[in-house]
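Heads up: the protein sequence lines correspond to chains A and B, in order. Per the working numbering, the first sequence runs over residues 456 to 677. Per the working numbering, the second sequence runs over residues 456 to 677.
Protein chains: 2
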Amino acid sequence: MLPSSTVENYLKAIYVGETHLTGGEQLVPMGQLAGALGIAPGTATTMVKALSESGLVVYEPYNGVRLTAAGQKLAARVLRRHRLIELFLVQVVGMKWDEVHDDAEQMEHVVSDRLIERIDEMLGQPEVDPHGDPIPTADGQLPHRTLESLLTCPLHTPVTVARVTDQDAAFLRFIESHNLKPGQTIEVEARDDVSDSVRLKGANNALMTIGARAASKLLVTG
Amino acid sequence: MLPSSTVENYLKAIYVGETHLTGGEQLVPMGQLAGALGIAPGTATTMVKALSESGLVVYEPYNGVRLTAAGQKLAARVLRRHRLIELFLVQVVGMKWDEVHDDAEQMEHVVSDRLIERIDEMLGQPEVDPHGDPIPTADGQLPHRTLESLLTCPLHTPVTVARVTDQDAAFLRFIESHNLKPGQTIEVEARDDVSDSVRLKGANNALMTIGARAASKLLVTG
DNA sequence: GATTTAATTTTGATTACTCAAAATTGACAA
DNA sequence: TTGTCAATTTTGAGTAATCAAAATTAAATC
């Protein structure tokens, strides 16, 4: 049986949740999953038990959930579709990068494999989407780059923005208007723990100060 | 409340059904509706009663159903989306005309107004889709051309294919392989009621014979 | 007018997904 | 060890959409 949009969304959320696990953690907590999907905790429990029955996840009561190989394959497929569609909407259709998330969120569940392959071909088998998020390969591998955030990269050294890990439209518009999109070169001038902020020099030598929370969402390469 | 995909499909089927009504008929019979949607007759009855409650249709028990102004507006919107998406997938994405129906069927319910407008713009406010089916305008008007079919057009007279009223992929491939797509010029050589067939001369003077049922699906202009 | 038939409606049930609120569990602190 | 608390699970209920099969209706035939 092919998975419903709902099931695909659960798997995707668990998949993304797993990549955010820190340290020795193995399982995505139910609360986090429910939060990510915007549903009541009890609903998540019920659904995850069903997914477990289908062999898509391993569920440990009170501890959390993780994907099986089968679940991971499906999740990677959905994420691949999402990111290819986002890039397509920006590159081919000419939409803005802060406009494409919701359309991709819907289209990822319904378009044919043929259309996805055609998009992949048109875009030349791209590796990242407009936000710099890596696109899983057709066989379900998620390429991993080790990137530093603006909170950890070296000071007074030119770095290139590689990834923006927040889909919020207002945030993306802020990034764009301040010339901080992936590909642009910037430099961290100073960090201040007390004021919880980071001071940057932008592409055009423009100086700006952003909060630490925002800075943590900007990933760069040396 | 925004209509579900299911509701949109019911409205679209009723809308299309209305355009097929012959003579003094006003209402789409429930059986025809259920058939078009591939659902059990009882399901159609239940759903249509609910649509009637919402003011989207007028339902006359045992007689059938028709759209209200509100229902018509929604239906035209869905049909517009469907046909714009089909044309987009052919013209921009480079899919074949026999491949796009299913994707359009799904996408019509989920893509944003912004994306549809962008598509409309990219295509230059087109009037017909790849099959020659008219695209409803943004304000819900369905342009109507009076076309003759190959069963009724004059003999031995060059005519241009304007519309193919069948979405079946095999049929569309047949049409394409015989150079009978919209825009191509052909001529009806003869009709034979006994053998239930029509004899044509194609673009390259190729002669062919097709059945009356197929011929009725090819609409032409003089 | 009575009867048959085909279309339609009604009935009863099922599946997938959801929530609110009550009950439970496990971990940590006292 | 016991109590507290937050996270989680369970319970009971609701919505939307569907089907199969029984009941009904309208129309057509006799």
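Glycine is no exception: its CB is placed at the ideal position from the N, C-alpha and C atoms.
Can you tell me the Cβ-Cβ gap for residue i and residue j, rounded? I've got them flagged as a contact below 8 Å.
i: D584(B); j: R628(B); result: That pair is no contact at about 17 Å.
i: G595(B); j: K528(B); result: 5 Å
i: Q678(B); j: V566(A); result: The shown model of chain B, from 456 to 677, leaves out residue 678(B), and the question about it has no answer.
i: A752(A); j: L597(A); result: The shown model of chain A, from 456 to 677, leaves out residue 752(A), and the question about it has no answer.
i: V533(B); j: L605(B); result: Their Cβ separation, rounded to whole angstroms, is 30 Å, which puts V533(B) and L605(B) out of contact at 8 Å.
i: R569(A); j: E554(B); result: 6 Å
i: E582(B); j: P589(B); result: 6 Å
i: L466(B); j: G526(B); result: 5 Å
Is it right to say residue i is buried, meaning 16 or more other beta carbons lie within 10 angstroms of its own, or is it exposed?
i: D623(A); result: exposed
i: G587(A); result: buried
i: P496(A); result: exposed
i: L457(B); result: exposed
i: H611(A); result: exposed
i: L662(B); result: exposed
i: N659(B); result: exposed
i: V512(B); result: buried
i: G666(B); result: exposed
i: V616(B); result: buried
i: R668(A); result: exposed
i: V462(B); result: buried
i: G510(B); result: exposed
i: H564(A); result: buried
i: G579(B); result: exposed
i: T647(B); result: For the sequence presented, residue 647(B) should be read as Asp rather than Thr. Counting Cβ neighbours within 10 Å, D647(B) comes out exposed, since fewer than 16 surround it.
i: A559(B); result: buried
i: V649(B); result: exposed
i: A645(A); result: exposed
i: R618(B); result: buried
i: A499(A); result: buried
i: A670(B); result: buried
i: A625(B); result: exposed
Check the Cβ of residue i against every Cβ in chain B and list those closer than 8 Å, keeping chain order.
i: V550(A); result: Per the sequence shown, the amino acid found at residue 550(A) is Met instead of Val. Within 8 Å Cβ-Cβ: R569, L570, R573.
State the beta-bridge partners of residue i as determined by DSSP.
i: G666(A); result: S652(A)
i: G587(A); result: In the DSSP output, where bridge partners are listed per residue, G587(A) has none listed.
i: T676(A); result: T615(A)
i: V483(B); result: V520(B)
i: I641(A); result: V614(A)
i: V513(B); result: R521(B)
i: R646(B); result: V653(B)
i: S604(A); result: L674(A)
Can you pull the chain B residues whose beta carbon is under 7 Å from the beta carbon of residue i, in chain order?
i: D558(A); result: V566, S567, L570
i: E554(A); result: R569
Using the beta-carbon of each residue, which ones in chain A are nearer than 8 Å to residue i?
i: M456(B); result: Under the 8 Å cutoff, chain A gives no residues; its nearest Cβ is about 18 Å from M456(B).
i: M562(B); result: M562, V565, V566
Along chain A, in chain order, which residues have C-beta atoms closer than 7 Å to that of residue i?
i: Q622(B); result: By Cβ distance, chain A contributes nothing, its closest Cβ being about 15 Å from Q622(B), past 7 Å.
i: E631(B); result: By Cβ distance, chain A contributes nothing, its closest Cβ being about 17 Å from E631(B), past 7 Å.
i: V462(B); result: The contacting residues do not exist; V462(B) stays about 17 Å from chain A at best.
i: V545(B); result: By Cβ distance, chain A contributes nothing, its closest Cβ being about 11 Å from V545(B), past 7 Å.
Mind listing the chain A neighbours of residue i? Cutoff is C-beta to C-beta under 9 Å, in chain order.
i: V533(B); result: Residues of chain A passing the Cβ test: none, with the nearest at roughly 15 Å.
i: E642(B); result: Here the premise fails: no neighbours, minimum Cβ distance about 36 Å.
Along chain B, in chain order, which residues have C-beta atoms closer than 9 Å to that of residue i?
i: V503(A); result: Per Cβ cutoff of 9 Å: no residues; V503(A) is ~25 Å from chain B at best.
The ligand ATP and residue i: does the residue's C-beta get closer than 7 Å to at least one heavy atom of that ligand?
i: V565(A); result: The model on display carries no ligand, and the ligand ATP is accordingly not part of it.
- Between the region 509–521 of chain A and the region 473–488 of chain A, are three or more C-beta pairs nearer than 8 Å? Output reads yes: the region 473–488 of chain A touches the region 509–521 of chain A.
- Query: Any chance the region 531–546 of chain B sits against the region 496–506 of chain B, with 3 or more Cβ pairs inside 8 Å?
  - Reply: Contact between the region 531–546 of chain B and the region 496–506 of chain B is absent, because fewer than three Cβ pairs lie under 8 Å.
- Assess, as a yes-or-no matter, whether the region 488–497 of chain B is touched by the region 660–677 of chain A under the definition of 3 or more beta carbon pairs within less than 8 Å. Contact check between the region 660–677 of chain A and the region 488–497 of chain B: fewer than three CB pairs, one atom from each, fall below 8 Å, which does not count as touching.
- Query: Does the region 630–642 of chain A touch the region 463–483 of chain B, meaning 3 or more C-beta pairs lie closer than 8 Å?
  - Reply: no
- Pair every Cβ in the region 563–580 of chain A with every Cβ in the region 635–648 of chain A, then say whether three or more of these pairs are closer than 8 Å. no
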